[in-house]
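Working notes, structure below.
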Amino acid sequence: MTKKLRHDILKCYLTTKLTPKQKLVLVGYLQKTGQIPPLTTVGQLLNIDLDQAEEFVQDLTSPAMTEMSEWILADHPFITIADKNYPTQLHEIYMPPLLLFYQGNLELLQTPIVSMVGSRHYTSYGQVAVRQLIPPLVAQGITVCSGLAQGIDGLVHRTTIGCHGKTIAVIGTGLDRYYPPANKSLQQLLAKKGLVLSEYLPQASPLRWHFPHRNRIIAGLSQATVVVEAGQKSGSLITANMALRENRDVLAVPGPIDEEKYVGCNQLIQAGAKPVLTATDILDELQL
112 MTKKLRHDIL KCYLTTKLTP KQKLVLVGYL QKTGQIPPLT TVGQLLNIDL
162 DQAEEFVQDL TSPAMTEMSE WILADHPFIT IADKNYPTQL HEIYMPPLLL
212 FYQGNLELLQ TPIVSMVGSR HYTSYGQVAV RQLIPPLVAQ GITVCSGLAQ
262 GIDGLVHRTT IGCHGKTIAV IGTGLDRYYP PANKSLQQLL AKKGLVLSEY
312 LPQASPLRWH FPHRNRIIAG LSQATVVVEA GQKSGSLITA NMALRENRDV
362 LAVPGPIDEE KYVGCNQLIQ AGAKPVLTAT DILDELQL
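So for the sequence shown, my numbering puts the first residue at 112; every next one is plus one.
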């Protein structure tokens, strides 16, 4: 990919004049032609009028856009949807991210990936489940992905590192923000020994809508998603549902039928998710 194409994709990502879907359409055009289309073609391609097309083109060439893009290019590594090392499985999802900022080892994106997510307030049962399931996955060379949230997510990352395994965190802030603050040292460790990804600009705050939105990336990167301890309204169910929508395998650790913390997992199993009793259940699903 040329530097110009990379720069143009970055500008498409940065512009506020287009919807996410319009940006994807435009980047598809860029990949085919290598250049921003003429004004009239912009309008036809994106189904917008000439005034809107002109406003977009002006935004791309504005001093503010130049300053922002140069700041990012200078010191904030990222991969774009047009890069060869952009994960194939992420290409396949609905609304794949145009680009991903990263810290750490990008080669992990080319390994088999399983995501493991769950409650922000786990019990000893959830802790035992994570600590029993992860070592056999690590032994098979599987990279474990989660969201670096409080609770099960953080436990998943720490357990994987403790087993000398590979782990990816997809976060809902800029890479230079730490949320929750208690996971700051863990995030810094993952940036050195694993991989941290974000589709949000450096310095982006932890806005509430960022987190369910980033869940599609966790699900999209993974061949399978495993849910450990999830109540009926758990955010981890969003990840599971996104995985189902993308025709990925979803598995869940069953729990007592009379406890709220396990309602989400039990309902997933009732709806057809594979119950996980041992790591073999996950490996069998992956045919490993």
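Here a beta-carbon is modelled for each residue, glycine too, at the ideal position from N, C-alpha and C.
Measuring C-alpha to C-alpha distances from D360 to each of Q200, H268 and I190 identifies Q200 as the nearest. DSSP places M176 in the uninterrupted alpha helix (DSSP H) bounded by P174 to D186.
For P386, the three-state secondary structure derived from DSSP is strand. The alpha carbon of L141 has as its nearest neighbour, out of L161, Y213, P386 and A193, the alpha carbon of A193. Closest in C-alpha terms to Q146, from the list L297, G276, A175 and M112, comes M112. Counting along the chain, G139 sits inside the alpha helix (DSSP H) bounded by residues P131 to T144. The three-state reading of DSSP puts A250 in helix, counting H, G and I together. Excluding five sequence positions before and after F167, the CB atoms of its chain that fall closer than 7 Å to its own CB belong to T126, K128, L129 and V153, given in chain order. When DSSP states are grouped into helix, strand and coil, A280 belongs to the strand group. Only residues of its own chain outside the window of five on either side were considered, and among them N196 and P198 have a CB closer than 8 Å to the CB of Q221, listed in chain order.
D264 and A384 have their C-alpha atoms roughly 20 Å apart.
Bridge partners of I190 according to DSSP: L211. Taking one beta carbon from each stretch, the region 323 to 333 and the region 349 to 356 have 3 or more pairs nearer than 8 Å; the two touch. Beta-bridge pairing by DSSP links V338 to V228 and A363.
Around the beta carbon of D395, fewer than 16 other beta carbons sit within 10 angstroms, so the residue counts as exposed. Cβ neighbours of I272 within its own chain (closer than 8 Å, five residues either side excluded): T278, L300, L301, K304 and G305. Partner residues in a beta bridge of S296, as assigned by DSSP, do not exist. When N377, Q243, A240 and G258 are compared, the shortest CA-CA separation from S226 is found for G258. Take P291, set aside five residues on each side of it, and the residues of its chain with a beta-carbon closer than 7 Å to its own are Q261, in chain order. Rounded to the nearest angstrom, the gap between the Cα atoms of H268 and Q334 is 18 Å. In summary, Q298 is buried, with 16 or more beta-carbon neighbours lying within 10 Å of its beta-carbon over all protein chains present. Nearest to R319 by C-alpha distance, out of G346, Y233, Q169 and T151, is G346.
Less than 8 Å separates the beta-carbon of L244 from that of I393.
Around the beta-carbon of I368, fewer than 16 other beta-carbon atoms lie within 10 Å, marking it exposed.
Around the beta carbon of P208, 16 or more other beta carbons lie within 10 angstroms, which makes this residue buried. According to DSSP, V307 shares a beta bridge with Q214 and A280.
According to DSSP, S257 shares a beta bridge with A280.
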